[in-house]
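**Q** Have a look at this one.
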Amino acid sequence: MHISAKADYAARALLELAREPARPLTCEAIASSQQIPFRFLKSVVGELRRAGLVRSQRGCEGGYWLGRPADEITLLDVSRAVDGELITLRGEVLAGLDYPGPASGLPGVWRRIEAEAAAVLGGTTLATLLPATTDEDGHAPGKRPSNGQAAGGHLTRQGAA
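Numbering (the working numbering), first residue to last: 17 to 177.
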């Protein structure tokens, strides 16, 4: 399965926006932070805007925000916004794919792969990908250090993996 640069850049840009949803970000800031080529990102953000995943405002106070809350945007939404169909075979959708004879079972496998990939991507929101917020000691609110954390709340090398 191929994940396009567009889909990867789009997801990374949206995660930057989701990190601080009340503050607009410019494409320059997102490109710099995520090490994404600026011109390519401008094109990708345009597609995200047309799909309603981001909104924009021009001017000195302008920039981009998420088009809806991070817990309502899935990776499937992102992928479909920039790439269209999740999986195609030689540019064709899998729905009507049919092979004769001994290969007749193969289209079902391709469709099952597509369905399972869609389930994973559709079940993963931007919110679930954001790092948990932490308190001054580096602990998630209401949590105590676990085995992977050393004194002072810092992750040990083993716990960081």
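All C-beta atoms in this analysis are idealised placements derived from N, C-alpha and C, irrespective of residue type, glycine included. Small disclaimer: the values here were computed from a predicted structure and weren't measured.
Below 8 Å, can you find three or more Cβ-Cβ pairs linking the segment 90-99 to the segment 114-122?
**A** No: fewer than three Cβ pairs fall under 8 Å.
**Q** Indicate whether the contact test is met: 3 or more Cβ pairs, each with one atom in the segment 98-109 and one in the segment 48-56, closer than 8 Å.
**A** Flag = no, the segment 98-109 and the segment 48-56 do not touch.
**Q** Taking the Cβ atom as the reference point for each residue, do Arg180 and Gln50 lie within a distance shorter than 9 Å?
**A** The structure shown does not extend to residue 180, since the chain spans only 17 to 177, so no value can be given for it.
**Q** Could you give the first and the last residue of the continuous alpha helix (DSSP H) run that contains Arg71?
**A** The residue labelled residue 71 in the question sits at position 55 within the sequence shown. First-last for Arg71: 70-73, but that is the beta strand (DSSP E), not the alpha helix (DSSP H).
**Q** I need the straight-line Cα distance from Ala47 to Glu63, nearest angstrom please.
**A** Taking the first residue of the sequence shown as position 1, residue 47 is located at position 31. Taking the first residue of the sequence shown as position 1, residue 63 is located at position 47. Cα to Cα, the separation comes out at about 16 Å.
**Q** Please specify which runs of the alpha helix (DSSP H), each continuous and at least 4 residues long, are wholly inside the segment 26-77, giving them in chain order.
**A** 43-50, 54-66
**Q** By alpha-carbon positions, which one of Ala131, Leu30, Trp126 ends up nearest to Leu145?
**A** Residue numbering aside, residue 145 sits at position 129 when the sequence shown is read from its first letter. Among Ala131, Leu30, Trp126, the Cα nearest to that of Leu145 belongs to Leu30.
**Q** Is Val125 buried or exposed, if buried means 16 or more other CB atoms sit within 10 Å of its CB?
**A** The residue you call residue 125 lines up with position 109 of the sequence shown. When all chains shown are included, Val125 counts as exposed.
**Q** Do you know how far the Cα of Glu101 is from the Cα of Leu137?
**A** The residue you call residue 137 lines up with position 121 of the sequence shown. The residue you call residue 101 lines up with position 85 of the sequence shown. Looking at the two C-alpha atoms, the distance is approximately 13 Å.
**Q** Take Ala23 as the anchor and find which of Thr141, Cys76, Val60, Ala86 has the nearest alpha-carbon.
**A** Sequence index remark: in the sequence shown, residue 23 carries index 7 (1-based). Closest by alpha carbon: Val60.
**Q** Would you mind reading off the limits of the beta strand (DSSP E) that contains Gly79?
**A** Walking along the sequence shown from the start, residue 79 turns up at place 63. 79-82 is the span of the beta strand (DSSP E), which, as asked, contains Gly79.
**Q** For my contact list, Tyr80 and Leu41 are in at a C-beta cut-off of 8 Å; report their separation, rounded to the angstrom.
**A** Indexing the sequence shown from 1 puts residue 80 at position 64. Indexing the sequence shown from 1 puts residue 41 at position 25. With a Cβ gap of about 6 Å, Tyr80 and Leu41 count as contacting.
**Q** Please report the straight-line C-alpha distance between Pro85 and Gly112, rounded to a whole angstrom.
**A** Locating residue 85 in the sequence shown gives position 69, where the first residue counts as 1. Locating residue 112 in the sequence shown gives position 96, where the first residue counts as 1. Whole-angstrom Cα-Cα distance: 35 Å.
**Q** Can you grab the Cα-Cα spacing for the pair Ser97 / Ala67, in whole Å?
**A** In the sequence shown, counting from the first residue as 1, residue 97 sits at position 81. In the sequence shown, counting from the first residue as 1, residue 67 sits at position 51. Looking at the sequence itself, residue 97 is Ala, so the reference to Ser does not match. Going by the C-alpha atoms only, they are around 6 Å apart.
**Q** Less than 7 Å between C-beta atoms, sequence neighbours within five positions excluded: which residues of the same chain meet that for Asp99?
**A** By one-based count along the sequence shown, residue 99 stands at place 83. Result list for Asp99: Ser20, Lys22, Ala23, in chain order.
**Q** Between the Cα of Pro37 and the Cα atoms of Arg128, Ala26, Leu82, Gln73, which residue gives the shortest distance?
**A** Locating residue 37 in the sequence shown gives position 21, counting from the first residue. Checked all of Arg128, Ala26, Leu82, Gln73; the closest Cα to Pro37 is Leu82.
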